[in-house]
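A.B. asks:
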Amino acid sequence: MRFLSVALAAIAVGGAIAAPAELEARGGSCMPLTTAVALANAFKDLIGEPFNKTLAIHAMTPTFHDYSDSVIELMDSGCPNGPVALGSATFASRAAFIQGQGAQKPIPFEILKVYNNCNSVTIRWMTPAPGTVKPEEPVRGIIVLETVPNTFNAHGQFDWKIQTVYSEFNSGAWLYDLVCLAFDT
Ligand SMILES: *[C@@H]1O[C@H](CO)[C@@H](O)[C@H](O)[C@H]1NC(C)=O
Numbered sequence: 001m002r003f004l005s006v007a008l009a010a011i012a013v014g015g016a017i018a019a020p021a022e023l024e025a026r027g028g029s030c031m032p033l034t035t036a037v038a039l040a041n042a043f044k045d046l047i048g049e050p051f052n053k054t055l056a057i058h059a060m061t062p063t064f065h066d067y068s069d070s071v072i073e074l075m076d077s078g079c080p081n082g083p084v085a086l087g088s089a090t091f092a093s094r095a096a097f098i099q100g101q102g103a104q105k106p107i108p109f110e111i112l113k114v115y116n117n118c119n120s121v122t123i124r125w126m127t128p129a130p131g132t133v134k135p136e137e138p139v140r141g142i143i144v145l146e147t148v149p150n151t152f153n154a155h156g157q158f159d160w161k162i163q164t165v166y167s168e169f170n171s172g173a174w175l176y177d178l179v180c181l182a183f184d185t
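Here my numbering is used: position 157 in the sequence shown is 157, and no number is missing along the way.
1. Flag this pair as yes or no: are the beta carbons of Leu46 and Gln101 separated by less than 8 Å?
2. Closest by CA to Gln157, which one among Ala38, Met31, Glu110?
3. Here's the rule: buried if 16 or more other CB atoms are within 10 angstroms of the residue's CB, otherwise exposed. What is Ser77?
4. Between which residues of its own chain and Met75 is the CB-CB distance below 8 Å, once the five residues before and five after are set aside?
5. Check whether the Cβ of Asn52 lies closer than 7 Å to any heavy atom of ligand 1, and answer yes or no.
6. Based on the DSSP output, what are the partners of Ile162 in its beta bridges?
7. Do Tyr176 and Tyr67 have their beta-carbon atoms positioned less than 8 Å apart in this structure?
8. Identify whether Asp66 lies in helix, strand or coil by the three-state DSSP scheme.
9. Determine the contact status of Phe97 and Phe64, defining contact as a CB-CB distance below 8 Å.
10. Reducing DSSP to helix, strand and coil, say where Gly102 ends up.
11. Reducing DSSP to helix, strand and coil, say where Met75 ends up.
12. Could you tell me if the beta carbon of His155 falls within a distance shorter than 7 Å of some heavy atom in ligand 1?
13. Roughly how many whole angstroms lie between the Cα atoms of Lys161 and Lys105?
14. Use the C-beta contact count for Leu178: other C-beta atoms within 10 angstroms, 16 or more gives buried, fewer gives exposed.
15. When DSSP labels each residue in this structure, what does Ile107 get in the three-state scheme?
16. For the beta strand (DSSP E) containing Thr127, name the first residue and the last one.
17. Indicate the three-state DSSP secondary structure (helix, strand or coil) for Val13 in the structure shown.
18. Since Thr127 and Pro138 should fall inside the 8 Å C-beta cutoff, what is the C-beta to C-beta distance between them, to a whole number of angstroms?
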C-alpha cells in the first residue's frame, strides 16, 4: 500500500493530469494506450501532413533527438566520406526538427501497426500511403518513439511527449525511387 500511495502522491505533484486506470494500476509509470496511439498519429502527421509547428511543440520535448542511419546513408549518398557521420543525430533538438522538417515536403505514409509500451511506442509503416502517388518501389520501415511523462506543460495536448526517435527503413528502395522517378519525368 505504501508503494501505491507514494506513486499516487507523485502523480498529484506532477500536475493536473487526470490519471487513467492504467496509469494507477502500473504505479504511475506507464503511458496509456490512448496516448501511445495519439503520439504515433501525431508523429505521422508531422512527417506526412503540411508542417504544423504547434503540433511539434505539443508532441515533443524541447530536448527531442532523432536518429536514423537510413537517412544519413541517403545524405551521404552511401559514401563513408560523406558529410554526416553514421550514428549521429539527424535532429538534435525540437527546434532543429521544426526548422528541418518544416522545410521539407510532406512524406505521407500509412501506419501498419502500433505497438505500445510503458515508455515507448513502436510503429511499423509503409509508403505509399493510400491515395498518394505510387513510388517505383514500396518502402517499409520501423520507428521507435521513446516517451517521457509531460512535465513540461500540464495542460498540453498530450500527457506524455516524444523524447527520442529511432527510425530505420529500406533506404535502398528509397534511393531507387528517387533515381528512377527522376528518369521517368
Ligand atoms: C496544428 O496542431 C494543433 C495542435 O494539435 C491543432 O490544434 C491545430 O488545429 C493544427 N493546425 C492544423 C492546420 O491542422
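Every residue gets a Cβ at the ideal spot worked out from N, C-alpha and C, and that includes glycine. None of these values were measured; they are calculated from a predicted model.
C.D. replies: From the atom records:
1. Indexing the sequence shown from 1 puts residue 46 at position 46. Indexing the sequence shown from 1 puts residue 101 at position 101. It is a contact, given that the beta carbons lie within the stated cut-off.
2. In the sequence shown, counting from the first residue as 1, residue 157 sits at position 157. Closest in alpha carbon position to Gln157, among Ala38, Met31, Glu110, is Ala38.
3. Within the sequence shown, residue 77 is the residue found at index 77, counting from 1. Exposed, by the Cβ-count rule.
4. Translated into positions along the sequence shown, residue 75 becomes position 75. Cβ neighbours of Met75 beyond the five flanking positions: Gly82, Pro83, Val84.
5. Here residue 52 refers to the residue found at position 52 when the sequence shown is read from its first residue. Asn52: yes, Cβ under 7 Å from ligand 1.
6. Position 162 of the sequence shown holds residue 162. Ile162 pairs with Met60, Thr147.
7. Here the question's residue 67 lines up with position 67 in the sequence shown. Here the question's residue 176 lines up with position 176 in the sequence shown. Result no, Cβ atoms of Tyr67 and Tyr176 do not sit closer than 8 Å.
8. If you number the sequence shown from 1, residue 66 lands on position 66. Of the three classes helix, strand and coil, the one that applies to Asp66 here is strand, per DSSP.
9. What you label residue 97 is simply residue 97 of the sequence shown in a count that begins at 1. What you label residue 64 is simply residue 64 of the sequence shown in a count that begins at 1. Between Phe97 and Phe64, the C-beta gap is smaller than 8 Å, which places the two residues in contact.
10. Here residue 102 refers to the residue found at position 102 of the sequence shown. Correct three-state label for Gly102: helix.
11. The residue you call residue 75 lines up with position 75 of the sequence shown. Residue state for Met75 is assigned as helix, using DSSP reduced to three classes.
12. Counted from its first residue, the sequence shown places residue 155 at position 155. In this structure, His155 has its CB at a distance of at least 7 Å from all heavy atoms of ligand 1.
13. Against the sequence shown, residue 161 aligns to sequence position 161. Against the sequence shown, residue 105 aligns to sequence position 105. Taking the Cα positions, Lys161 is about 24 Å away from Lys105.
14. Translated into the one-based positions of the sequence shown, residue 178 becomes position 178. Leu178 is exposed by the Cβ-count criterion.
15. Taking the first residue of the sequence shown as position 1, residue 107 is located at position 107. In the three-state reduction of the DSSP assignment, Ile107 falls in the coil class.
16. The count along the sequence shown starts at 1 and reaches residue 127 at position 127. Element bounds for Thr127: 120 to 127.
17. The sequence position of residue 13 within the sequence shown is 13, counting from 1. Unreliable placement is indicated for Val13, whose pLDDT of 43 sits below 50; the coordinate value is still reported in the next sentence. The DSSP-derived three-state label of Val13 is helix.
18. To locate residue 127, count along the sequence shown from 1; it is residue 127. To locate residue 138, count along the sequence shown from 1; it is residue 138. About 6 Å separates the two Cβ atoms, so the contact holds.
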